[in-house]
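In full-length UniProt numbering, the protein residues as written are 1 to 161.
By construction, the Cβ of each residue, glycine as well, lies at the ideal position given by its N, Cα and C atoms.
Only one structure is covered here, and it is reproduced in the block below.
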């Protein structure tokens, strides 16, 4: 697999984003994640968006982070928020999400972010397993879904290496 940095509005990113939104709709029945995301949120040095491509140059996985600082949605100064982590069904279980997560953490750390945060949900046990096995711990709720019962928020300190 080849992991590449792409803009959030790249056609392959849009395709995978549409797929993850459809999966959210199946799991939650709400039309997908309504969090507002702007392509500029993922532009370096304040963010990054990655896509993994298979040997045939087909996009199969994605994920990004965007800078967040203290705000009225519960973020803290120095936060890097994970968004749109997704692996297509046909290639799940091969460690792609873990590879993308590690690359995003490293990039956020290099950009001076001090904590990686994410919001997932109760109907995404695979995501919860990935994050908890990668050192993420429950944290105070933040973001668009902070008042929703199905929302789960996690954080991990990004220590300088």
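Nearest to residue 80 by alpha-carbon distance, out of 111, 123, 55 and 54, is 111. Taken atom to atom, the span from the alpha-carbon of residue 141 to that of residue 147 is near 8 Å. If you compare the alpha carbons of 83, 107, 8 and 18 with that of residue 121, the shortest gap goes to 83. In the DSSP assignment, residue 27 falls outside any beta strand (DSSP E) and within the unbroken alpha helix (DSSP H) covering 11-28.
Contact between the stretch 123-137 and the stretch 50-70 is absent: fewer than 3 CB-CB pairs across the two stretches fall below 8 Å. Beta-bridge partners assigned by DSSP to residue 98: none are found. Within 10 angstroms of the beta-carbon of residue 117 lie 16 or more other beta-carbons, which makes it buried. The DSSP-derived three-state label of residue 128 is helix. Residue burial annotation: residue 26 is exposed, with fewer than 16 other C-beta atoms found within 10 angstroms of its C-beta. A direct Cα-to-Cα measurement between residue 63 and residue 17 gives close to 9 Å.
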